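J.:
Residue numbers (our numbering): 312 to 452.
1) Could you tell me whether any non-hydrogen atom of the ligand FAD is closer than 7 Å to the CB of residue 316?
2) Which residue comes first and which comes last in the beta strand (DSSP E) that contains residue 425?
3) Mind listing, in chain order, the continuous alpha helix (DSSP H) runs of no fewer than 4 residues lying wholly within the segment 333-411?
4) Would you kindly work out how many angstroms separate the C-alpha atoms of residue 354 and residue 364, rounded to a whole number?
5) Should the segment 373-380 be called in touch with the segment 393-403, which here means at least 3 C-beta pairs below 8 Å?
6) Would you say residue 445 and residue 423 are within 8 Å of each other, going by their C-beta atoms?
7) Per DSSP, which residues does residue 320 bridge with? Please list them.
8) Quick one: grab the DSSP three-state call for residue 450.
9) Cβ atoms of residue 316 and residue 344: under 8 Å apart, would you say?
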């Protein structure tokens, strides 16, 4: 089998891995594989081709990954539930430090917890959502 065919197969496999992971895992070695493929058309030295593949891939990885990960920020897609963060609600069942209570926010009842006890009827602010529970704090503290 000719060396350029081997490099073509390697480039195709690495490209398939990159497509399936979508995490910028092998893109640098796809580029260095293409370069090694081009070199293989002119030079029959497999060690030189492999050296170019490894060295160029590592250099690309080190020099471009920090830039690309900053440039291609993966945006967190907010769900409809995330919109209640920051909203106010009313405690419908008291919340103790180690015991969940209930809070009504945006017309819906939520199991809620807090760092400090909160009495029934107090107004609270939603801080975060963890699973099916919300963390709240009393307004005015």
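Even for Gly, the Cβ is constructed at its ideal location relative to N, Cα and C.
None of these values were measured; they are calculated from a predicted model.
T.: Answer, in terms of the structure:
1) Absent from the structure shown: the ligand FAD. Ligands present: none.
2) Translated into positions along the chain shown, residue 425 becomes position 114. Looking at the DSSP string, residue 425 is not in any beta strand (DSSP E), and its letter there is neither H nor E.
3) As far as the segment 333-411 is concerned, its whole alpha helix (DSSP H) runs of at least 4 residues are 338-353, 357-382.
4) Position 43 of the chain shown, counting from 1, holds the residue named residue 354. Position 53 of the chain shown, counting from 1, holds the residue named residue 364. Distance between the alpha carbons of residue 354 and residue 364: 14 Å.
5) no
6) Here residue 445 corresponds to residue number 134 of the chain shown, with the count starting at 1. Here residue 423 corresponds to residue number 112 of the chain shown, with the count starting at 1. Going by beta carbons, residue 445 and residue 423 fall inside the 8 Å limit.
7) Looking up residue 320 in the chain shown gives position 9. In DSSP, residue 320 forms no bridge with anything.
8) Here residue 450 corresponds to residue number 139 of the chain shown, with the count starting at 1. Correct three-state label for residue 450: coil.
9) Here the question's residue 344 lines up with position 33 in the chain shown. Here the question's residue 316 lines up with position 5 in the chain shown. Using a Cβ distance threshold of 8 Å, residue 344 and residue 316 do not count as a contacting pair.
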